[in-house]
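Colleague: My questions will all concern the structure given below.
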Amino acid sequence: MYNLLKGKKGLIFGALNDKSLAWKVAERAYEEGAELVLTNTPVSMRFGEINELAEKCNSIVVPADATSVSDLEMLLDKTTAHFGGKIDFILHSVAMSLNVRKGRTYDDLDYNYLNKTLDISAISFHKLLQTAKKKDVINEWGSVVALSYVAAQKTLYRYNDMADAKAMLESIARSFGYIYGRDKKIRINTISQSPTLTTAGSGVKGIDGLMDFSERMSPLGNATADEFADFCITLFSDLTKKITMQNIYHDGGFASMGMSYKAMKMYNQALNNSINSDEFSD
Ligand SMILES: NC(=O)c1ccc[n+]([C@@H]2O[C@H](COP(=O)([O-])OP(=O)(O)OC[C@H]3O[C@@H](n4cnc5c(N)ncnc54)[C@H](O)[C@@H]3O)[C@@H](O)[C@H]2O)c1
344 MYNLLKGKKG LIFGALNDKS LAWKVAERAY EEGAELVLTN TPVSMRFGEI NELAEKCNSI
404 VVPADATSVS DLEMLLDKTT AHFGGKIDFI LHSVAMSLNV RKGRTYDDLD YNYLNKTLDI
464 SAISFHKLLQ TAKKKDVINE WGSVVALSYV AAQKTLYRYN DMADAKAMLE SIARSFGYIY
524 GRDKKIRINT ISQSPTLTTA GSGVKGIDGL MDFSERMSPL GNATADEFAD FCITLFSDLT
584 KKITMQNIYH DGGFASMGMS YKAMKMYNQA LNNSINSDEF SD
C-alpha cells in the first residue's frame, strides 16, 4: 500500500454489499489511510450489509436519500461534525432505474419512472455538489468522483433510460467542475467503468452477454471492481490534482474499439451455426 490517502477524509455513497463498486473503494481508501463516512438509503441499509463495512473501515454510517436536499444537508453536517473538519473526497456511486427494473422498454417509458431515474442517478449529483458548495464542506484541492458508463456516448441494447441519466451525470460533472474548480479548486470527474457484476449491474437484462462481449472487445479485458477501486484512489489522491471535468474510461480500451479479433471470431462462429435470428424483445 502507498498511503496515498493518509490524513484525508472521505464520504462514500452507494455501498450496498461486498459486490458494490463503492464497497471496494471504501476498503481501498481505508487501506490507503483515509478516514471515512459511509452513506446509503435507509431501505438499502436494512437489506444491505453496510454496517459490516463500517466496522471493517472504522467508520460511521449516516442514512440519507441522495435525492433529498434536506437529507444531504443533514448528512454533510453530520460528516463534518464527525471528522471535526472538512471533507477531502466524495464518491457518488448511486443509480437506479424503475423502467429497467420493471421491464419497460425505451419506446414505452413510464415518465414518472424516468423522472425518478434522472433524479436518483444524475440530479442527485448536482444536489450533492450544490449542497456541499453552499455549506463549503470540501477542502481546497478536494476531489469528487461519480460513476458512469459508456452508454452515455454510444447506444447499448437494453441500457434504456439509464443512458440518458449517465449523459446528464457527465454533463453535470463538467458544468459544476468549472464552477467548483474556479471558486474552490475542487475537481470533479466521472469514471466510465466496464460492466461489473454488482446488484445494479445484474439489473441490466443480459448483463452476462454484455460482459462477455466487452471482455472480447477490450484489448485489456473488462476492468474489475477491485481495479476500479485502485483507479478511484488515484483520483482522490494528490497525484491527480489538475484532472477535472473529465469522463475517464476505465474499461480496458472498450470505448475506443469498433471490432476486435476475439469478438469477430465469436460472431463468425455464430454465423456458421446459423444463429442469425433478427428477433429482439425490445
Ligand atoms: N455495475 C456496472 O456494470 C456499472 C458499470 C458502470 C457504472 N456503474 C455505476 O456504478 C454505480 C454503483 O453501482 P454498482 O454497480 O456498484 O451497484 P450497487 O447496486 O451495489 O450500487 C448502487 C447503489 O445506489 C444506491 N442508491 C439507489 N438509490 C439511492 C438513493 N435515492 N439515494 C442514495 N443511494 C441510492 C443503492 O442503495 C446502492 O447502494 C452506479 O452509478 C452505476 O450506474 C455500474
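Heads up: the sequence shown begins at 344 in the numbering used here, then just goes up one per residue. The C-beta atom is built at its ideal place from N, Cα and C for all residues, glycine as well.
1) Could you pull out every residue in the same chain whose Cβ sits closer than 7 angstroms to the Cβ of Ala510, ignoring the five residues on either side in sequence?
2) Return the chain-ordered ranges of every beta strand (DSSP E) run that is complete within the stretch 540-577 and spans a minimum of 3 residues.
3) Does the count of Cβ pairs from the stretch 560-568 and the stretch 498-513 closer than 8 angstroms reach three?
4) Less than 7 angstroms between the CB of Pro538 and some heavy atom of ligand 1, yes or no?
5) Taking its Cβ as the centre, do 16 or more other Cβ atoms sit within 10 Å of Gly544, making it buried, or is it exposed?
6) From the DSSP output, which residues share a beta bridge with Pro406?
7) Is it true that the CB of Thr382 sits closer than 8 angstroms to the CB of Val368?
8) Which same chain residues, not among the five before or five after Gly546, have their C-beta less than 8 angstroms away from its C-beta?
9) Is Ser413 buried or exposed, if buried means 16 or more other CB atoms sit within 10 Å of its CB?
10) Ligand 1 heavy atoms versus the CB of Gly524: any closer than 7 angstroms?
11) Does the distance between the C-beta of Ser402 and the nearest non-hydrogen atom of ligand 1 fall short of 7 angstroms?
12) Is there a C-beta anywhere in chain B that falls below 8 angstroms from the one on Ser580?
13) Based on Cα-Cα distance, which residue from Asp453, Phe432 and Met505 lies nearest to Asn482?
14) For a quick check, are the C-beta atoms of Thr287 and Ile531 less than 8 angstroms apart?
15) Would you mind stating whether His469 and Gln536 have Cβ atoms separated by less than 8 angstroms?
16) Please tell me whether Asp526 and Tyr449 are closer than 8 angstroms, where the distance is taken between their beta carbons.
17) Going by other Cβ atoms of all chains shown within 10 Å of its Cβ, with 16 needed for buried, is Glu395 buried or exposed?
18) So the candidates are His425, Ser387, Gly552 and Ser580; which of them puts its Cα closest to the Cα of Tyr500?
19) Determine the closest residue to Ala489 out of Asn458, Ile355, Leu347 and Lys349, with distance taken between C-alpha atoms.
20) Taking the Cβ atom as the reference point for each residue, do Thr422 and Ser467 lie within a distance shorter than 8 angstroms?
21) Quick check: the Cα distance between Tyr502 and Asn590, rounded to an integer number of angstroms?
22) How many Å lie between Trp484 and Leu582 at the Cα?
23) Do you know how far the Cα of Asp361 is from the Cα of Thr577?
24) Please identify the residue among Ala358, Cys575 and Ala598 whose C-alpha is closest to the C-alpha of Thr348.
25) Between which two residues does the beta strand (DSSP E) holding Phe432 run?
26) Roughly how many whole angstroms lie between the Cα atoms of Ile522 and Gly376?
27) Less than 7 angstroms between the CB of Ile463 and some heavy atom of ligand 1, yes or no?
28) On the three-state DSSP scale, how would you describe Tyr592?
Modeller: Working from what's here:
1) In the sequence shown, the residue the question calls residue 510 occupies position 167. Cβ within range, chain order: Ala495.
2) Runs found: none.
3) no
4) For the purposes of this step, residue 538 is identified with residue 195 of the sequence shown, where counting begins at 1. Yes, the Cβ of Pro538 comes within 7 angstroms of a heavy atom of ligand 1.
5) The residue labelled residue 544 in the question sits at position 201 within the sequence shown. Flag for Gly544 reads buried.
6) Here residue 406 is taken as the residue at index 63 of the sequence shown, counted from 1. The beta-bridge partner set that DSSP reports for Pro406 consists of Asn383.
7) For this step, residue 368 is matched to residue 25 along the sequence shown. For this step, residue 382 is matched to residue 39 along the sequence shown. With a cutoff of 8 angstroms on beta-carbon distance, Val368 and Thr382 are scored as not near each other.
8) Locating residue 546 in the sequence shown gives position 203, counting from the first residue. Excluding positions up to five away in sequence, the list reads Ser440, Val443 and Arg444.
9) As a position in the sequence shown, residue 413 is number 70, starting the count at 1. Answer is exposed; the Cβ neighbour count stays below 16.
10) The residue labelled residue 524 in the question sits at position 181 within the sequence shown. Answer for Gly524: no, Cβ out of range of ligand 1.
11) Position 59 of the sequence shown holds residue 402. It does not: the Cβ of Ser402 is nowhere closer than 7 angstroms to a heavy atom of ligand 1.
12) Annotation note: the requested chain B is absent from the structure, which comprises a single protein chain.
13) Mapped onto the sequence shown, residue 482 falls at position 139. Among Asp453, Phe432 and Met505, the Cα nearest to that of Asn482 belongs to Phe432.
14) Only positions 344 to 625 of the chain appear in this structure, which leaves residue 287 out of reach.
15) Here residue 469 refers to the residue found at position 126 of the sequence shown. Here residue 536 refers to the residue found at position 193 of the sequence shown. Not in contact: His469 and Gln536 (Cβ atoms no closer than 8 angstroms).
16) For the purposes of this step, residue 526 is identified with residue 183 of the sequence shown, where counting begins at 1. For the purposes of this step, residue 449 is identified with residue 106 of the sequence shown, where counting begins at 1. It is not a contact, given that the beta carbons lie outside the stated cut-off.
17) In the sequence shown, residue 395 corresponds to position 52, counting from 1. By the neighbour-count rule (16 or more Cβ atoms within 10 Å), Glu395 is not buried but exposed.
18) Start at 1 with the first residue of the sequence shown, and residue 500 comes out as number 157. Comparing Cα-Cα distances from Tyr500 to each of His425, Ser387, Gly552 and Ser580, the minimum goes to Gly552.
19) Walking along the sequence shown from the start, residue 489 turns up at place 146. Nearest C-alpha to Ala489: Ile355.
20) Within the sequence shown, the letter at position 79 stands for residue 422. Within the sequence shown, the letter at position 124 stands for residue 467. For Thr422 and Ser467, no; Cβs fall outside 8 angstroms.
21) By 1-based counting over the sequence shown, the position of residue 502 is 159. By 1-based counting over the sequence shown, the position of residue 590 is 247. Roughly 18 angstroms separates the two Cα atoms.
22) Here residue 484 refers to the residue found at position 141 of the sequence shown. Here residue 582 refers to the residue found at position 239 of the sequence shown. Answer to the nearest angstrom: the Cα atoms are 11 angstroms apart.
23) Here the question's residue 577 lines up with position 234 in the sequence shown. Here the question's residue 361 lines up with position 18 in the sequence shown. Just so you know, the alpha carbons of Thr577 and Asp361 end up roughly 21 angstroms apart.
24) By 1-based counting over the sequence shown, the position of residue 348 is 5. The sequence shown places Leu at residue 348, not Thr. Each of Ala358, Cys575 and Ala598 was checked against the Cα of Leu348, and the nearest Cα belongs to Cys575.
25) Numbered from its first residue, the sequence shown carries residue 432 at position 89. Run containing Phe432: Ile430 to His435, per the beta strand (DSSP E) assignment.
26) For the purposes of this step, residue 522 is taken as the residue at position 179 of the sequence shown. For the purposes of this step, residue 376 is taken as the residue at position 33 of the sequence shown. So the alpha carbons of these two residues sit roughly 29 angstroms apart.
27) By 1-based counting over the sequence shown, the position of residue 463 is 120. Distance from the C-beta of Ile463 to the nearest heavy atom of ligand 1 is below 7 angstroms.
28) Reading the sequence shown from its first residue, position 249 is the one you call residue 592. Tyr592 falls in the strand class under three-state DSSP.
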